[in-house]
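Numbering (the numbering used here), first residue to last: 3 to 272. Beta carbons are placed, not taken as given, at the ideal position from N, Cα and C, and that holds for glycine. This report concerns only the one structure given below.
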Amino acid sequence: MPPLPEERTLLAQLTLPLNRCNVPAPVLASLAYQQYPVSLQLDGIETFYPELFDRLVACRDPRQRMSIFSDYMAVRFRLPEARLALRPDADPVPRPQSNYRKLLLGWLFDSDSDAGAAWRQWVESRFGLRTIYHHELIPPQDSDAYLRYMRACVRATYQTNDLAGQLDLLYCFCQYQLAHLYPMQQHLTLYRGSNDAPRYYHEQQPVLLLNNLSSCSSDVDEAYRFGPKVVELQVPLSKIVCFDTLLPRGLNGEHEYMVLGGIYKVRQVW
């Protein structure tokens with residue numbers, strides 16, 4: 003296993019110049035951030051959606067917070083489950099073809115689907131972490147692979163109602179719930195299975211390069227289903243985008259966590 007190349011060089015390949023949060027992308031993707039994380043704040047969220055967070059703060063029951071969030075999203079973005087009062091003679095309300103729940107299901111079934119491309123494009127936009135793989139390796143510069151990836155993004159986001167804004171709020175709600183579930187923690191122990199062992203080591207410890215959005219599991223046996231090479235990661239709570247019990251009928255079945263990418267020190271389990 004070769005040593006980790008100069009971290010600055012790797013970070014330049016994994017990140018974009020701009021993002022929309024309070025931590026620069028090269029810092030967010032670094033080993034230092036994995037060890038010493040800080041909370042991530044997306045630009046403008048509390049300014050544009052203060053009523054949602056006021057309602058969440060006033061509620062102490064985690065299940066009730068789920069309902070508050072789901073109801074708010076349905077009404078705010080005119081989702082199918084929203085109950086909108088209309089005049090009897092009004093035209094049918096146009097509904098977006100996709101929404102955050104459909105993207106979650108799309109990711110669950112296949113992270114290399116069009117829905118997965120939409121998720122990864124959102125991560126690029128908000129956190130500045132570059133997509134390095136989607137169906138195929140995607141070089142940093144413009145390429146045919148990058149154009150195919152962007153076409154998948156467009157297919158997933160066509161005729162939607164501020165889909166990126168929906169994912170912004172889902173991430174913020176996830177962070178709110180995690181802060182209440184683990185008030186004294188900064189990290190969660192998660193597992194990832196694949197067919198390949200980590201390629202590098204740093205200070206005699208294996209190092210994994212994660213795509214900008216990747217799946218991990220809280221159950222080591224579930225991780226093994228995705229490949230015989232299983233590693234254990236200490237993932238900062240701030241880099242968890244969604245988890246299995248965040249929403250009713252969310253990512254249940256595989257104890258799945260959607261994790262922001264970057265460079266991670268890991269421990270080889272199998």
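Sequence-distant residues of its chain with Cβ nearer than 7 Å to residue i (five each side left out)
i: Q168; result: M75, F79, N101 and Y102
i: Q143; result: none
i: E138; result: A147
i: E224; result: E256 and H257
Residue range of the unbroken alpha helix (DSSP H) whose run includes residue i
i: Y74; result: P64 to R78
i: Y151; result: D146 to T159
i: Q168; result: L165 to L183
i: Q207; result: Segment Q207 to S219 is the beta strand (DSSP E) holding Q207; no alpha helix (DSSP H) there.
C-beta contact flag for residue i and residue j at 8 Å
i: I70; j: C61; result: yes
i: Q36; j: Q179; result: no
i: V233; j: L212; result: no
i: L171; j: L54; result: yes
i: N214; j: R150; result: no
Buried versus exposed, by CB contacts within 10 Å (16 or more), residue i
i: V40; result: exposed
i: F129; result: buried
i: P28; result: buried
i: P230; result: exposed
i: W272; result: exposed
i: P2; result: This structure cannot settle anything about residue 2, because the visible part of the chain is limited to 3 through 272.
i: Q270; result: exposed
i: S145; result: exposed
i: N24; result: exposed
i: V156; result: exposed
i: A31; result: buried
i: V243; result: buried
i: T11; result: exposed
i: A158; result: buried
Beta strand (DSSP E) segment containing residue i, residue limits
i: G263; result: E258 to Q270
i: E234; result: K231 to P238
i: R57; result: R57 -> not in any beta strand (DSSP E); alpha helix (DSSP H) instead, spanning P52 to V59.
i: Y226; result: Run containing Y226: none in the beta strand (DSSP E); it sits in the alpha helix (DSSP H), V222 to Y226.
Counting pairs of Cβ atoms below 8 Å between the segment 114 to 126 and the segment 158 to 165, do you hit three or more?
Touching, per the Cβ criterion.
Determine contact between the segment 218 to 229 and the segment 201 to 209, defined as no fewer than three beta-carbon pairs at a distance below 8 Å.
no
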